[in-house]
Amino acid sequence: MKHYDTNHKAWNQYAGRYQKNADFSFDVVDYGSTHCATEKDLHLIGDASGKKVLELGCGGASCGIALAKQGAEVTGIDISEEQINIARSNCDRENVQLTLLVSSMEELDLTDDTYDIVISMAALGYIEKIENIFKKVYQTLKKNGIFVFSLPDAIYNCVTAKYLWNDPLPQHSYFYTGPEKWKWEDEDELEFVTFRRPISEYINLLIDEGFTIVRVHQLQDFHEEMEGKNEFDLLYPNLIVFKVTKKT
């Protein structure tokens, strides 16, 4: 998986800078951005006390730590050793215990009917065959288990591809399905690879796998002032969040 190697190297290189600049809370679950609505606003996960939780692409484990403080038993996985090292330091500082593993989502071996809740915040966009992850999640969830995940919104992606990032012409289309390469900063040596789809594809893949879709939210950036912000953050949804359940 060439894209895995690319993202693995990039995250190990830039994890420290990302976590420092993100300013995540360790008391409230966010959906991938501190500038959008959080679990405090939308209540998609609910009370996690006594629940077994799996977080895919946990990064610095801010979401897992917030759920562990509620009394959840949390396992977090991430492809980046450096992200997991940061997550362990965060757990020590916040005085909670999580099981933290270095693994790609694609290679993760999950047991059936194990978790009450699976979450993944702004991480599934790095997966080329996301249907394989949906299958793994469905199998590992207990009956009536919930899956809450977020992705960069496809509307935001196509608009910024054309007007902000000057990406190749095919990526200007909302209907573009495929990879895109990008850097956090123009001067960065390493790039990331993520994968895009129109929203309908995610919906249909979830339905095909057997999930029941409960809620879908498109999240707007909540910056109050335009100054210093690009207008796309204010005019178009930044993230899309799904809550789905396993009913059988």
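Each residue of the sequence shown is one higher than the one before, starting from 354 at the first, in this note's numbering. C-beta: ideal position from N, C-alpha, C; glycine also.
Taking Cβ to Cβ, would you say residue i is nearer than 9 Å to residue j?
{"i": "G412", "j": "Q372", "result": "yes"}
{"i": "E459", "j": "Y527", "result": "no"}
{"i": "L572", "j": "D465", "result": "no"}
{"i": "N365", "j": "E426", "result": "no"}
{"i": "I566", "j": "L558", "result": "no"}
{"i": "K599", "j": "F502", "result": "no"}
{"i": "I483", "j": "R550", "result": "yes"}
{"i": "H361", "j": "S433", "result": "yes"}
{"i": "K489", "j": "L461", "result": "yes"}
{"i": "G602", "j": "L453", "result": "In the structure displayed, the chain extends from 354 to 601; residue 602 sits before or after that span and is not available."}
{"i": "Y380", "j": "A419", "result": "Note that residue 380 is Asp in the sequence shown here, rather than Tyr. It is a contact, given that the beta carbons lie within the stated cut-off."}
{"i": "I439", "j": "G369", "result": "yes"}
{"i": "D561", "j": "D574", "result": "no"}
Which first and last residues belong to the beta strand (DSSP E) in which residue i is found?
{"i": "D586", "result": "Not the beta strand (DSSP E): D586 falls in the alpha helix (DSSP H), residues 584-588."}
{"i": "K495", "result": "494-505"}
Between which two residues does the alpha helix (DSSP H) harbouring residue i extend?
{"i": "H570", "result": "No alpha helix (DSSP H) holds H570; the beta strand (DSSP E) holding it covers 565-572."}
{"i": "N591", "result": "No alpha helix (DSSP H) contains N591, which DSSP labels as neither H nor E."}
{"i": "R446", "result": "434-447"}
{"i": "S553", "result": "552-562"}
{"i": "D394", "result": "392-395"}
{"i": "D418", "result": "According to the sequence displayed, residue 418 carries Ile and not Asp. 415-421 is the span of the alpha helix (DSSP H), which, as asked, contains I418."}
Under the DSSP definition of a beta bridge, which residues are partnered with residue i?
{"i": "M458", "result": "DSSP output for M458 lists no bridge partner at all."}
{"i": "L407", "result": "T428, V471"}
{"i": "W535", "result": "F545"}
{"i": "D358", "result": "For D358, which the question treats as bridged, DSSP gives no partner whatsoever."}
{"i": "K515", "result": "In DSSP, K515 forms no bridge with anything."}
{"i": "L453", "result": "G429"}
{"i": "D383", "result": "T391"}
{"i": "K596", "result": "V501, R568"}
Under 8 Å by Cβ, that's how I've got residue i and residue j pegged, so tell me the actual separation to the nearest angstrom.
{"i": "V455", "j": "D431", "result": "7 Å"}
{"i": "E408", "j": "G417", "result": "5 Å"}
{"i": "D469", "j": "K405", "result": "5 Å"}
{"i": "R504", "j": "G478", "result": "With the sequence shown as reference, residue 504 is identified as Leu, and Arg is not the correct amino acid for it. Yes, L504 and G478 are in contact; Cβ-Cβ is about 5 Å, under 8 Å."}
{"i": "Y509", "j": "N591", "result": "6 Å"}
{"i": "F564", "j": "V594", "result": "Contact doesn't hold; Cβ gap of about 14 Å is too wide."}
{"i": "D520", "j": "E533", "result": "6 Å"}
{"i": "N443", "j": "A414", "result": "6 Å"}
May I ask you to check if the CB of residue i is nearer than 8 Å to at least one heavy atom of the ligand GDP?
{"i": "V546", "result": "By its list of ligands, the structure shown contains no ligand whatsoever, and the ligand GDP lies outside what it can speak to."}
May I ask you to verify whether the stretch 473-481 touches the stretch 384-391, counting CB pairs closer than 8 Å and requiring at least 3? Segments in contact, yes.
Give a yes or no on contact between the stretch 489-500 and the stretch 538-556, applying the rule of three or more CB pairs nearer than 8 Å. no
Counting Cβ pairs closer than 8 Å, one from the stretch 388-395 and one from the stretch 508-526, do we hit at least three? no
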